[in-house]
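Student: Its first residue numbered 17, the sequence shown is counted upward by one per residue in this note's numbering. We treat Cβ as the ideally placed atom computed from N, Cα and C, and that holds for glycine. This one's a predicted model, so the numbers in the text were calculated from it and none came from an experiment.
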Amino acid sequence: MIGITGASGPLGRATAEAVLRTVDPREVVLTTRSPDTLADLAARGVQVRRADFDRYRGLVDAFAGVERLLLVSTDHVGGRLAQHRAAVTAAARAGVAHLVYTSVPDPVPANPAVVVADHAGTERALRESGLRWTVLRNHLYAHLQVPVIQRAAADGRLVTNAGDGRSAHVWREDCAEAAAAVLTQDGHEDRAFDISGPRALDADDLAALAGEVAGRDVEVVHVGDDEFAAGLRAFGLPEPAVALITSFGAATRAGHLARPTDAVADLTGRAPRPLEDAVRAALGIRPARRP
Ligand SMILES: NC(=O)c1ccc[n+]([C@@H]2O[C@H](COP(=O)([O-])OP(=O)(O)OC[C@H]3O[C@@H](n4cnc5c(N)ncnc54)[C@H](OP(=O)(O)O)[C@@H]3O)[C@@H](O)[C@H]2O)c1
């Protein structure tokens with residue numbers, strides 16, 4: 017039996033759909049805080065169970081019978097280590113054999129991304145659980161760059177605190193396909209994979225893409241973290257988002273997101289999709305003509 021937590025979220029649902037392409041629905045358990053949203057999958061024969069990592073009491077029952085479980089990290093940045101630890105403990109008590117977890121690349125203390133502490137703590141909990149484990153260190157989702165590119169195209173300037181750093185953005189759908197592969201194939205236990213797009217892009221690459229959208233040159237404006245954060249604040253973003261986005265720029269600058277890997281291709285048998293395709297698809301533009 018294969019289980020997926022957070023199955024109503026985009027990554028959880030996409031992973032479930034990918035798993036169901038090869039697995040009998042009766043062998044799939046989806047857990048979520050809002051089972052109603054998965055009624056369509058329940059109608060296909062999947063077991064949908066309520067589970068909230070903040071409510072430990074129901075978790076062991078929710079994971080009962082599951083052999084391999086994908087623990088989708090929650091969106092409660094800064095407060096999710098306790099949630100994830102509860103899920104790991106419950107999985108062990110429920111008899112789960114193999115736990116798969118969605119983490120972040122390079123979860124080391126030197127990495128300034130604010131999400132690192134939660135993920136590093138959860139990875140530790142996984143390793144100490146006594147269960148077989150797999151960590152999927154997902155790079156930044158490619159679609160998150162769409163508003164960045166859009167704004168740069170509108171302004172004619174791309175403001176960044178990432179310096180000359182590169183980032184190997186990945187499609188969330190490719191993260192889902194990779195997770196489904198780990199859930200449905202044997203042989204990926206006790207390993208960490210960096211799940212990335214095909215190339216690591218720098219600010220000049222992103223500005224060139226914005227230029228394609230705008231139909232004119234887009235210049236790169238390099239600023240420090242404080243100035244970058246002030247710009248996000250002035251744009252109306254709430255403080256947690258300001259801190260999160262600024263810290264990812266700093267992490268990019270320091271090279272923590274710069275290593276594209278073959279993991280998506282190795283796991284799924286299909287090349288990862290490039291960021292450019294996500295942006296062009298979202299903004300309805302055709303690829304630039306190549307000389
Ligand atoms: N790589 C990236 O660029 C990137 C970007 C954003 C987020 N992430 C991480 O990747 C995860 C999945 O991505 P996504 O795009 O699908 O995220 P999302 O849209 O933010 O979805 C949030 C997820 O957290 C789950 N969740 C929230 N509170 C929970 C709780 N108390 N107990 C159990 N589950 C809880 C939700 O499950 P239910 O609603 O079904 O209960 C849902 O799966 C995110 O949660 C976050 O940790 C990565």
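For ligand 1, is there any heavy atom lying closer than 7 Å to the beta carbon of Asn154?
Tutor: If you number the sequence shown from 1, residue 154 lands on position 138. Within the cutoff, so yes.
Student: Would you say the beta carbon of Arg49 is closer than 7 Å to some non-hydrogen atom of ligand 1?
Tutor: As a working mapping, residue 49 is identified with position 33 in the sequence shown. Arg49: yes, Cβ under 7 Å from ligand 1.
Student: For Asp70, verify whether its CB is less than 7 Å away from any heavy atom of ligand 1.
Tutor: By 1-based counting over the sequence shown, the position of residue 70 is 54. The answer is yes for Asp70.
Student: Does DSSP classify Glu83 as helix, strand or coil?
Tutor: The sequence position of residue 83 within the sequence shown is 67, counting from 1. Reduced to three states, the DSSP call for Glu83 is coil.
Student: May I ask you to report which of helix, strand or coil DSSP gives Pro307?
Tutor: If you number the sequence shown from 1, residue 307 lands on position 291. Annotation note: pLDDT 43 at Pro307 (below 50); position unreliable, coordinate value reported separately. Pro307: coil per DSSP, three-state reduction.
Student: Using the Cβ count rule (16 or more neighbours within 10 Å means buried), how would you classify Gln337?
Tutor: Any answer about residue 337 is impossible in this case: the structure gives the chain only from 17 up to 307.
Student: Tell me which same chain residues have a C-beta within less than 6 Å of the C-beta of Asn127, skipping the five on either side of it?
Tutor: As a first step, residue 127 is located in the sequence shown; it is residue number 111 there, counting from the start. Answer for Asn127: Ala267 and His272, listed in chain order.
Student: Any idea which residues DSSP pairs Leu174 with across the strands?
Tutor: Translated into the one-based positions of the sequence shown, residue 174 becomes position 158. Val236.
Student: At a cut-off of 7 Å, is Val236 close to ligand 1 when judged by its beta-carbon and the heavy atoms of the ligand?
Tutor: For the purposes of this step, residue 236 is taken as residue 220 along the sequence shown, with counting starting at 1. Outside the cutoff, so no.
Student: Would you say the beta carbon of Asp91 is closer than 7 Å to some non-hydrogen atom of ligand 1?
Tutor: Within the sequence shown, residue 91 is the residue found at index 75, counting from 1. It does: the Cβ of Asp91 is within 7 Å (strictly closer) of some heavy atom of ligand 1.
Student: Quick one: using the 10 Å Cβ neighbour count with 16 as the cut-off for buried, is Pro254 buried or exposed?
Tutor: Numbered from 1 along the sequence shown, position 238 holds the residue referred to as residue 254. So Pro254 ends up on the exposed side.
Student: Are the region 174–181 and the region 145–156 touching, with three or more C-beta to C-beta distances below 8 Å?
Tutor: These segments do not touch.
Student: Starting from Leu334, follow the beta strand (DSSP E) in both directions and report where the run begins and ends.
Tutor: With the chain covering only 17 through 307, there is no way to say anything about residue 334.
Student: Any heavy atom of ligand 1 within a distance shorter than 7 Å of the CB on Pro26?
Tutor: In the sequence shown, counting from the first residue as 1, residue 26 sits at position 10. Yes, ligand 1 has a heavy atom inside 7 Å of this Cβ.
Student: Can you find a heavy atom of ligand 1 that lies under 7 Å from the Cβ of Leu160?
Tutor: Translated into positions along the sequence shown, residue 160 becomes position 144. Within the cutoff, so yes.
Student: Tell me whether Gly22 counts as near ligand 1, meaning its Cβ is closer than 7 Å to at least one heavy atom of that ligand.
Tutor: Translated into the one-based positions of the sequence shown, residue 22 becomes position 6. The answer is yes for Gly22.
Student: Tell me, which residues are paired with Ala208 by DSSP?
Tutor: Mapped onto the sequence shown, residue 208 falls at position 192. Val151.
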